[in-house]
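Q: The sequence shown runs 17 to 417 under our numbering. Ideal placement from N, C-alpha and C gives every residue a C-beta, glycine not left out. Would you mind keeping the following structure in view while I ask a few things?
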Amino acid sequence: MIKNKTLGSMLIVAGTTIGAGMLALPIASAGIGFSASLILILLTWLLMTYTALLMLELHQFASSDATLNTLAKTLLGKRGQYIANFAMVFLFYALCAAYIAGGGAQLQSKINAALNLDVAPQVGSILVAVLVATIVTMGTSTVDKLNRVLFAIKVVVLGSLFFVLTPYVQGQHLLEMPLEQGLLISAIPVIFTSFGFHGSIPSIVKYVGVDIRSLRKVMIFGASVPLIIYVFWQLISQGMMSQSQLLQAEGLQGFIGNISSLVNSTQVSTSITIFADLALATSFLGVSLGLFDFFADAFKQGDNKIARLKTALITFVPPLGFALFYPQGFITALGYAAIALVVLAIFLPVAMVWVQRAQHSSDQGYQVKGGRFGLSLAACCGVVIIVAQGLQMFGVIPALG
Numbered sequence: 017m018i019k020n021k022t023l024g025s026m027l028i029v030a031g032t033t034i035g036a037g038m039l040a041l042p043i044a045s046a047g048i049g050f051s052a053s054l055i056l057i058l059l060t061w062l063l064m065t066y067t068a069l070l071m072l073e074l075h076q077f078a079s080s081d082a083t084l085n086t087l088a089k090t091l092l093g094k095r096g097q098y099i100a101n102f103a104m105v106f107l108f109y110a111l112c113a114a115y116i117a118g119g120g121a122q123l124q125s126k127i128n129a130a131l132n133l134d135v136a137p138q139v140g141s142i143l144v145a146v147l148v149a150t151i152v153t154m155g156t157s158t159v160d161k162l163n164r165v166l167f168a169i170k171v172v173v174l175g176s177l178f179f180v181l182t183p184y185v186q187g188q189h190l191l192e193m194p195l196e197q198g199l200l201i202s203a204i205p206v207i208f209t210s211f212g213f214h215g216s217i218p219s220i221v222k223y224v225g226v227d228i229r230s231l232r233k234v235m236i237f238g239a240s241v242p243l244i245i246y247v248f249w250q251l252i253s254q255g256m257m258s259q260s261q262l263l264q265a266e267g268l269q270g271f272i273g274n275i276s277s278l279v280n281s282t283q284v285s286t287s288i289t290i291f292a293d294l295a296l297a298t299s300f301l302g303v304s305l306g307l308f309d310f311f312a313d314a315f316k317q318g319d320n321k322i323a324r325l326k327t328a329l330i331t332f333v334p335p336l337g338f339a340l341f342y343p344q345g346f347i348t349a350l351g352y353a354a355i356a357l358v359v360l361a362i363f364l365p366v367a368m369v370w371v372q373r374a375q376h377s378s379d380q381g382y383q384v385k386g387g388r389f390g391l392s393l394a395a396c397c398g399v400v401i402i403v404a405q406g407l408q409m410f411g412v413i414p415a416l417g
C-alpha cells in the first residue's frame with residue numbers, strides 16, 4: 017500500500033511537471049508529426065526520470081533537508097555550488113515571475129468580470145503572490161493537501177476534454193511525416209522543459225525522508241503521470257488537425273479557437289482555460305516550494321515562524337517585483353529556460369554522481385543502473401538540448417511553442 021506522503025509527493029511531482037506549458041506542446045511539435053513527437057516525449061521522459069533517480073542516489077548520503085546548494089558544495093566545491101545556485105535562482109525566479117504575472121492577469125480578469133470592477137492587473141499579481149506565499153510558508157504538508165484537490169479537479173477537466181474531443185480524431189493526421197528536419201530540432205527544448213520537476217526533489221526528500229524505495233516510486237510514477245497525459249493530449253490535438261492547420265494557428269489562443277470551432281462548442285474553450293489555470297496553480301506551488309526550501313538551506317534559516325517568513329520574503333518578493341516593474345526581463349530570462357534546466361536537471365546530477373561514485377563503492381547503497389555509459393549518454397543529451405536552444409536563439413531554426 018502506498019503511504020500517504022508518498023502518494024502526495026507523486027502528485028506534487030506530476031503537478032509541478034504538468035504546467036500551462038503543456039498547452040504549447042501541440043504547437044511546438046506541429047510540424048514533426050505524431051510519431052516523431054511521441055518518440056521525443058518518450059526519450060525525454062526516460063532522460064528526466066533517470067536524472068531524477070540520480071538525485072536520489074545523491075540524497076542517500078546527505079541529510080534529509082539538504083538541497084542542491086549543499087549537495088553541490090559537498091561534491092563539487094565552491095565553484096560547483098555557485099553554478100548550481102545561479103542556475104536554480106535564475107530559472108526559478110523567472111518561472112515564479114511568469115506564474116505571478118500570468119496568474120495575476122487571469123485573477124484580475126475574473127475579479128473584474130464577477131464584481132463588475134476595473135481592478136488594475138498589478139492587484140491580481142500581488143494577490144496571487146501573497147496567496148501562494150502563504151500556502152508555501154505553511155509547509156509541504158499544506159502544499160500536498162491543496163495540490164491533491166487541484167490535481168484531482170485538473171484530471172476531471174482533462175478527462176472530460178478527452179471524452180469530448182476523441183471522436184474528432186482522424187487517423188490520417190496521426191500518420192503525417194515531419195515537414196522539415198529543422199522543426200524536429202525546434203521541438204526538443206519545449207518538450208524537454210515540459211518534464212522539469214527536479215527543483216522540487218529536495219523538498220520531497222525532506223517531506224518523505226531518505227527512504228529510497230518510497231522515493232523511487234515517487235519519481236517514477238510521478239513522472240509517468242505527465243507522460244501518459246502528454247501522449248493522450250498529443251494524440252487528440254494532432255489527430256484533430258493537420259500539421260498545416262496547427263502551424264497556421266496564431267499561438268495558443270489560435271490553437272484553442274481552432275479546436276472550439278471544430279467541435280462547435282464554447283465549453284471546450286472554457287474547459288481548456290480552467291485546465292490552464294489549474295496547471296499554472298499546481299506548477300507554481302511545486303516550483304515555489306522547491307525555491308523556498310533551497311533558500312532556507314542556502315541562508316541557514318530555521319523552521320520557526322520568523323525564519324519561514326524571512327525565507328518567504330526572499331522567495332517571493334524579487335519575482336513579484338520583476339512581474340510588476342520589469343516584465344520584459346523575466347520574459348527574456350524564460351528564453352534561456354531550457355539551458356538553465358539542462359544545468360540543473362542533467363549536468364549537475366551527472367557531475368555530482370560521478371564524483372560520489374568515486375568516493376563510495378557500489379555495494380554501499382543505492383546506485384542507478386547504467387554506470388559511466390549512462391552518465392555520459394545523459395550528458396550528451398544535455399549538450400544536444402543546449403545546441404537546439406542555441407540554434408533557435410540565433411535564428412538558425414524556427415522558435416516554436
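1. Specify the secondary structure class of Val-180 as computed by DSSP and reduced to three states.
2. Considering only the beta carbon of each residue, do Phe-211 and Thr-60 sit closer than 8 Å?
3. If distances are taken between C-alpha atoms only, which option among Arg-232, Lys-385 and Val-148 comes closest to Lys-162?
4. Any contact of the region 44-55 with the region 254-265, i.e. 3+ C-beta pairs under 8 Å?
5. Run through DSSP, which three-state label would Ala-103 get?
6. Runs of 4 residues minimum, wholly inside the region 98-164: which ones carry the alpha helix (DSSP H) assignment?
7. Is Met-17 helix, strand or coil when you go by DSSP?
8. Secondary structure at Met-256, three-state DSSP: helix, strand or coil?
9. For Ala-314, I'd like the list of residues in its chain whose CB is within less than 6 Å of its CB, leaving aside the five on either flank, ordered along the chain.
10. Let me know the secondary structure DSSP gives Phe-291 once reduced to three states.
11. Spatial neighbours of Leu-87 within its chain, please: C-beta separation below 7 Å, excluding the five flanking residues on both sides.
12. Report the three-state DSSP secondary structure of Asn-280 (helix, strand or coil).
13. Rounded to the nearest angstrom, what separates Thr-327 and Val-403 at their Cα positions?
14. In terms of residue numbering, what span does the alpha helix (DSSP H) encompassing Gly-377 cover?
15. At 4 residues or longer, what runs of the alpha helix (DSSP H) sit wholly inside the region 306-342?
A: The answer reads as follows:
1. helix
2. yes
3. Here residue 162 is Leu; the residue named in the question, Lys, does not match the sequence. Of the candidates Arg-232, Lys-385 and Val-148, the one whose C-alpha sits nearest the C-alpha of Leu-162 is Val-148.
4. yes
5. helix
6. 137-153
7. Reliability fails at Met-17, whose pLDDT of 44 lies under 50, so the model's placement of it is uncertain and the value that follows must be treated cautiously. In the structure shown, Met-17 sits in coil (DSSP, three-state: anything other than H, G, I, E or B).
8. helix
9. Asn-85
10. helix
11. Leu-74, Ala-78 and Met-368
12. coil
13. 36 Å
14. Going by the sequence as given, residue 377 is Ser instead of Gly. Counting along the chain, Ser-377 falls outside any alpha helix (DSSP H), and DSSP gives it neither H nor E.
15. 321-341
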